[in-house]
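With full-length UniProt numbering, the residue at position 182 of the sequence shown is 182, and numbering never jumps.
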Amino acid sequence: MPRFAANLTMMYNEHAFLDRFAAAAHDGFDAVEYLFPYDHPAAEVKARLEENGLAQALFNAPPGDWAAGERGLAALPGREDEFRRGIDKALDYARVLGNRKLHVMAGIVASEDTRAQQRELYLKHLDYAAQAARGEGITILIEPINTRDMPGYLLNRQDDAHAICAEIGAANLQVQFDCYHCQIMEGDLAVKLKRDIARIGHIQVAGVPERHEPDSGEINYPWLFSLIDELGYTGWIGCEYWPRAKASDGLGWIRPYMKPR
């Protein structure tokens, strides 16, 4: 039976961020994820988790200046010190929140002329992050992201992500399989899941192409959820989508998979 985590960056936006934990728990979620917790003290976020009986499934390391269009620091030359401080900060939060999965974003490629140099730096920084996280029992995740939503992002394909993990060779470095991004860039989701499941550390879902609830569009999610179960995946599946209206009103698709709380 798949286990779902509400993405509080995208869902329940009718509530202030810290109030979204209670809203997700009220709707039957047992876990949450989000992009970044850093606007709030870790202890305050932890309190909301505990008050609502929620597990922390995933969040991202600091991405640089998100408002200015930065989408990660790991592949940005000249930002090495900031990247390392960001990993330290993320691990501090993870310790408090009980989080065991940390997504490290690559960043935007400055130009095709710099791609190889930036990729080399990306691998160096991923090795650093994996070593820093290993003693904490934390897995570092990398995620291929589609070029339509995030033009210029360094990592776009599943095979490239898995090749990077193999090259670095860290046991606690895995791939975040976002069905939405993968369908847009590559398709053939089932074949990729079967091929790569041993190194997939987290899965996310959304409808394609609009990125709403996964109950419409071109992906047959009920069939895919059965396949994911057959493949033995037992981790959380993040609901990283923009609800068509209020999040609570669009959860009919998930009810067959929810246990009463």
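Ideal Cβ placement from N, Cα and C applies to all residues, glycine included.
The structure presented is a predicted model; accordingly, all values stated were derived computationally and were not measured.
Starting from residue i and walking both ways along the beta strand (DSSP E), at which residues does that stretch end?
i	result
residue 199	Unbroken run through residue 199: none, as it is neither H nor E.
residue 103	101-103
residue 236	236-239
residue 5	3-7
Could you give the DSSP three-state label for residue i: helix, strand or coil?
i	result
residue 145	coil
residue 215	coil
residue 254	helix
residue 153	strand
residue 175	strand
residue 110	coil
residue 55	strand
residue 82	helix
residue 192	helix
residue 92	helix
residue 249	helix
residue 266	Because residue 266 is not part of the residues shown, which for the chain are 1 to 261, the question remains open.
residue 180	helix
Leaving out five residues on either side along the sequence, give the residues of the same chain with a beta carbon under 6 Å from the beta carbon of residue i.
i	result
residue 24	6, 32
residue 20	8, 12
residue 100	138
residue 106	72, 74, 75, 122, 154, 155
residue 81	none
residue 35	9, 60
Go through its chain and collect everything with a Cβ distance to residue i's Cβ below 7 Å, but skip five positions before and after it.
i	result
residue 161	142, 144, 155, 175
residue 2	225, 228, 229, 237, 257
Along the chain, where does the alpha helix (DSSP H) that runs through residue i open and close?
i	result
residue 116	115-134
residue 163	158-168
residue 325	Not covered by the structure: residue 325. The range shown for the chain is 1 to 261.
residue 222	221-230
Please work out which residues of its chain come closer than 8 Å, Cβ to Cβ, to residue i, disregarding the five sequence neighbours upstream and downstream, and give them in chain order.
i	result
residue 147	153, 156, 185
residue 51	21, 22
residue 189	179, 182, 183, 219, 224
residue 165	142, 173, 174, 175, 199
residue 55	5, 30, 31, 32, 49, 98, 236
residue 201	101, 139, 141, 174, 175, 176, 235
Bridge partners for residue i per DSSP, in chain order?
i	result
residue 60	103
residue 139	101
residue 205	239
> Quick one: complete beta strand (DSSP E) runs, 3+ long, within the segment 18-52?
Replying inline: 31-33
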